[in-house]
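Each residue of the sequence shown is one higher than the last, beginning at 102 in the numbering used here. Glycine included, every Cβ here is placed at the ideal spot set by N, Cα and C.
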Amino acid sequence: MEKTFLMVKPDGVQRGLIGEIVKRFEQKGFQLVGSKLVHITKEQAELHYQEHKGKDFYERLVNFITSGPVFAMVWQGDQVIALSRAMIGKTNSLEAAPGTIRGDYAIHTHLNLIHGSDSPQSAEREIGNFFKPDELVDYSKVI
Ligand code: CMP
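As C-alpha cells, then:
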C-alpha cells in the first residue's frame with residue numbers, strides 16, 4: 102500500500118486547522134497510520150528541505166518550519182502521493198485552486214499550511230526523518 106508523509110505546518114497548527122485537514126484526507130478514503138504534534142529540530146528541518154538548500158527562500162523556510170509545532174502524519178492508500186498533492190493544491194498561492202487546502206485557506210506561498218511528499222522516494226525519506234517504524238500502525242490484521 103502506498104504511503105506518504107503529510108505535515109501541517111506551524112501556520113496551520115496555530116490557526117486551528119489540524120482537524121479540518123485531517124477530515125479531508127479521512128473523507129477522501131485514506132488511512133492515517135501515524136501522527137504526532139512535534140516541534141522539529143533544525144537538523145530535521147534541514148534534512149527535510151535538503152533539495153531547497155541554496156535557494157533564496159531556504160533560510161526563511163527552515164526558520165519558519167522550526168518556529169512552532171507541526172502536525173506530522175503518515176497516510177496510506179492507492180495513489181495517495183499524487184492524490185494528496187492534488188488535494189493540497191499548488192505551492193504558489195496564486196495558482197492554488199479553490200477546493201484545494203491551500204486554495205481554500207492560504208494566501209501566501211511561504212505560509213501554505215501543509216507539506217506533502219512529491220514522490221515515493223521523498224515519502225520514504227521524509228517518513229524516516231519523522232517516524233520510527235514502530236510508530237506506524239498496521240491495519241492489515243484489523244477485522
Ligand atoms: P513545500 O512545497 O511544502 O516545500 C517547499 C516550501 O518552500 C514550499 O512549500 C513553500 O512553503 C516554501 N516557499 C517559500 N517561497 C517559495 C518559492 N518562491 N517557491 C517555492 N517554495 C517556496
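Other residues of its chain near residue i: CB distance less than 7 angstroms, five sequence neighbours each side excluded
| i | result |
| --- | --- |
| K124 | none |
| T192 | T210 and N213 |
| E227 | F106, H149 and S218 |
Cβ-based burial, residue i [other Cβ within 10 Å; buried from 16]
| i | result |
| --- | --- |
| L195 | exposed |
| P111 | buried |
| M108 | buried |
| R161 | exposed |
Residue i - containing alpha helix (DSSP H), residue span
| i | result |
| --- | --- |
| G229 | P221 to F231 |
| G120 | I119 to K129 |
Distance between residue j and residue i (C-alpha atoms, nearest Å)
| i | j | result |
| --- | --- | --- |
| S218 | V243 | 27 angstroms |
| V163 | E236 | 25 angstroms |
| T142 | G169 | 10 angstroms |
Where the beta strand (DSSP E) through residue i begins and ends
| i | result |
| --- | --- |
| Q177 | V171 to Q177 |
| H211 | No beta strand (DSSP E) holds H211; DSSP gives it neither H nor E. |
| G135 | Q132 to V139 |
| K154 | Run containing K154: none; DSSP gives neither H nor E here. |
| L107 | K104 to V109 |
**OP:** May I have all residues whose beta carbon comes closer than 6 angstroms to any heavy atom of the ligand CMP, sorted in chain order?
**Re:** H153, F158, L162, T192, T210, H211, N213 and H216
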